[in-house]
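>
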Amino acid sequence: MVDLKGKAAVVTGSARGIGYAIADRLAELGADIIINDINDDAAKKAAEEIASKRGVKTGHFAGDISQQEPAEKLIETCISTLGKIDILVNNAGITKDTLLMRMKKEQWDAVIGVNLTGTYLCTQAAFKAMMKARSGSIVNISSIAGENGNPGQANYSASKAGVIGFTKTVALEGASRGIRCNAIAPGFVKTDMTDAIPDKIRDEMVKKIPLGRAGEPLDIANGVAFLCSDMASFITAHVLDINGGGFRPE
Ligand code: NAI
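Quick note on the working numbering: the sequence shown kicks off at 12 and runs consecutively.
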């Protein structure tokens with residue numbers, strides 16, 4: 012059974028969507044949680060909701076994890092509020108989709124900044140505490156786009172492919188210190204992020220999924236819970252696809 016009682020977890024970008032579902036699921040399984048989001052009010056609300064629903068300790072830290080100071084403060088907040096950090100889920104992510112020929116450097120930098128640099132900054136800050144404790148589990152949210160590429164997402168797919176390489180290196184550096192690091196590569200999941208895709212394109216994408224439906228945030232949260240738990244104690248440097256079978260070729 013997945014049991015996270017007594018664990019202290021940070022989930023970035025967890026005021027809504029997949030991040031919220033991850034935080035809520037980890038809390039349901041007993042973990043105390045620090046919610047992070049760039050949106051202060053939403054982060055506070057999510058932390059209060061999860062605490063009252065799941066009966067665990069929660070806190071929140073509003074800040075942009077693509078910047079070093081807030082990323083470090085986020086991890087410090089977890090240690091000062093919950094006493095330690097056992098689990099880090101690097102979930103915060105953004106898209107700024109456009110074809111390569113139209114992509115502005117700002118769009119490239121913004122996406123790499125949050126999705127890849129943010130993952131590096133939070134991981135580095137948590138790694139220090141995890142090394143001292145000689146234990147920890149890190150789960151990075153990548154994407155099917157990082158594995159296969161996707162037209163209009165050169166910045167996003169590069170950031171998510173980067174997350175996979177980063178995950179494998181952190182796993183190798185952490186292994187002898189009891190730190191595991193894995194990634195999840197979701198396929199299409201129903202959230203505000205994918206709601207921004209025009210209906211027609213969204214419907215076509217869902218039709219191509221072999222299991223015949225879009226993913227739910229809980230599908231991803233269940234994978235994170237497993238990877239964070241002792242049931243996955245011999246799993247590291249792994250990329251878990253949660254995508255309903257991917258996309259059928261044309
Ligand atoms: P979402 O846009 O619904 O939620 C993302 C959350 O992250 C928001 O609450 C946002 O305020 C927060 N955030 C954004 N930038 C931030 C920053 N710099 N610092 C702190 N918080 C920040 O997105 P969704 O769909 O829940 O995605 C979550 C993760 O899953 C992302 O990494 C995304 O790339 C990944 N993913 C999503 C898929 C999908 O189909 N929805 C598919 C594959 C991967």
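We put the beta carbon where it would ideally sit given N, CA and C, even for glycine.
Out of curiosity, what's the CA-to-CA distance linking residue 154 and residue 253?
Counting from 1 along the sequence shown, the entry for residue 154 is found at position 143. Counting from 1 along the sequence shown, the entry for residue 253 is found at position 242. So the two alpha carbons sit approximately 9 Å from each other.
> Among 256, 237 and 192, whose alpha-carbon lies nearest the alpha-carbon of residue 223?
As a position in the sequence shown, residue 223 is number 212, starting the count at 1. The candidate whose alpha carbon is nearest that of residue 223 is 256.
> Buried or exposed: which applies to residue 186, given that a residue is buried once 16 or more other Cβ atoms fall within 10 Å of its Cβ?
Along the sequence shown, read from residue 1 onward, the residue named residue 186 stands at position 175. Exposed: under 16 other Cβ atoms inside 10 Å.
> Quick one, which of 249, 204, 226 and 135 has its alpha-carbon nearest residue 81's?
As a working note, residue 81 is residue 70 in the sequence shown. For the residues 249, 204, 226 and 135, the minimum Cα distance to residue 81 belongs to 135.
> Which residue's Cα is closest to the Cα of residue 128: 194, 174, 15 and 98?
Residue 128 sits at position 117 when you count from the first residue of the sequence shown. Nearest of 194, 174, 15 and 98 to residue 128, Cα basis: 174.
> With burial defined as no fewer than 16 other Cβ atoms inside 10 Å of the residue's Cβ, what is the status of residue 202: buried or exposed?
Counting from one through the sequence shown, the residue named residue 202 turns up at place 191. Classification for residue 202: buried.
> Given a threshold of 16 other Cβ atoms within 10 Å of its Cβ, counted over all protein chains shown, does residue 228 qualify as buried or as exposed?
To locate residue 228, count along the sequence shown from 1; it is residue 217. Burial call: buried.
> Should residue 170 and residue 238 be called a contact, given that it needs their Cβ atoms to be closer than 8 Å?
For the purposes of this step, residue 170 is taken as residue 159 along the sequence shown, with counting starting at 1. For the purposes of this step, residue 238 is taken as residue 227 along the sequence shown, with counting starting at 1. No; because the gap between Cβ atoms is not below 8 Å, this pair is not in contact.
> Suppose only complete runs of 3+ residues qualify. What are the beta strand (DSSP E) ranges in the stretch 95–158, listed by chain order?
Runs of the beta strand (DSSP E) inside the stretch 95–158: 98–101 and 147–152.
> Compare the C-alpha of residue 138 against each of 179, 94 and 190 and name the closest.
What you label residue 138 is simply residue 127 of the sequence shown in a count that begins at 1. It is 190 whose Cα lies nearest to the Cα of residue 138.
> In whole angstroms, give me the CA-to-CA distance for residue 64 and residue 44.
What you label residue 64 is simply residue 53 of the sequence shown in a count that begins at 1. What you label residue 44 is simply residue 33 of the sequence shown in a count that begins at 1. Their Cα atoms are separated by approximately 13 Å.
> Give the DSSP-derived three-state secondary structure of residue 70 in the structure shown.
Here residue 70 is taken as the residue at index 59 of the sequence shown, counted from 1. Reduced to three states, the DSSP call for residue 70 is strand.
> Could you say which of 152, 93 and 121 lies nearest to residue 200 if we only look at CA atoms?
Along the sequence shown, read from residue 1 onward, the residue named residue 200 stands at position 189. Selected option, being the one with the closest Cα: 152.
> Is the Cβ-Cβ distance between residue 232 and residue 32 less than 8 Å?
Residue mapping note: residue 232 aligns to position 221 of the sequence shown, counting from 1. Residue mapping note: residue 32 aligns to position 21 of the sequence shown, counting from 1. Yes, Cβ-Cβ distance for residue 232 and residue 32 is below 8 Å.
> Unbroken beta strand (DSSP E) runs of length 3 or more, entirely within the stretch 172–197: which are they?
Listed in chain order, the complete beta strand (DSSP E) runs (minimum 3 residues) inside the stretch 172–197 are 190–197.
> Using DSSP's beta-bridge definition, name the partner residues of residue 19.
The residue given as residue 19 occupies position 8 in the sequence shown. Answer is 43, bridged to residue 19.
> Is the beta carbon of residue 23 closer than 8 Å to that of residue 101?
As a working mapping, residue 101 is identified with position 90 in the sequence shown. As a working mapping, residue 23 is identified with position 12 in the sequence shown. Yes, the Cβ-Cβ distance between residue 101 and residue 23 is below 8 Å.
> Cα-Cα, which of 117, 85 and 213 is closest to residue 49?
Residue numbering aside, residue 49 sits at position 38 when the sequence shown is read from its first letter. Out of 117, 85 and 213, 85 has the C-alpha closest to the C-alpha of residue 49.
> Looking at the secondary structure, which residues open and close the beta strand (DSSP E) in which residue 251 lies?
Numbered from its first residue, the sequence shown carries residue 251 at position 240. Element bounds for residue 251: 250–253.
> Is the closest heavy atom of the ligand NAI to the C-beta of residue 36 under 7 Å?
Taking the sequence shown and counting its residues from 1, one reaches residue 36 at position 25. Checking the Cβ of residue 36 against the ligand NAI gives no.
> For residue 217 and residue 142, what's the separation of their Cα atoms in angstroms?
Start at 1 with the first residue of the sequence shown, and residue 217 comes out as number 206. Start at 1 with the first residue of the sequence shown, and residue 142 comes out as number 131. Rounded to the nearest angstrom, the two C-alpha atoms are 42 Å apart.
> Which term fits residue 96, buried or exposed, when burial requires 16 or more other beta carbons within 10 angstroms of its beta carbon?
Working through the sequence shown from its first residue, we reach residue 96 at position 85. So residue 96 ends up on the buried side.
> Is the beta carbon of residue 7 less than 8 Å from the beta carbon of residue 103?
Since the displayed the chain opens at 12 and closes at 261, residue 7 lies outside it and no answer follows.
> Got a sec: does the ligand NAI put a non-hydrogen atom nearer than 7 Å to the Cβ of residue 255?
Along the sequence shown, one-based indexing puts residue 255 at 244. Not under cutoff, so the answer is no.
> Taking the C-alpha atoms as reference points, what is the distance between residue 94 and residue 209?
Against the sequence shown, residue 94 aligns to sequence position 83. Against the sequence shown, residue 209 aligns to sequence position 198. So the two alpha carbons sit approximately 44 Å from each other.
> Could you please give the first and the last residue of the uninterrupted alpha helix (DSSP H) stretch that includes residue 59?
Position 48 of the sequence shown, counted from the first residue, corresponds to residue 59. 51–65 is the extent of the alpha helix (DSSP H) around residue 59.
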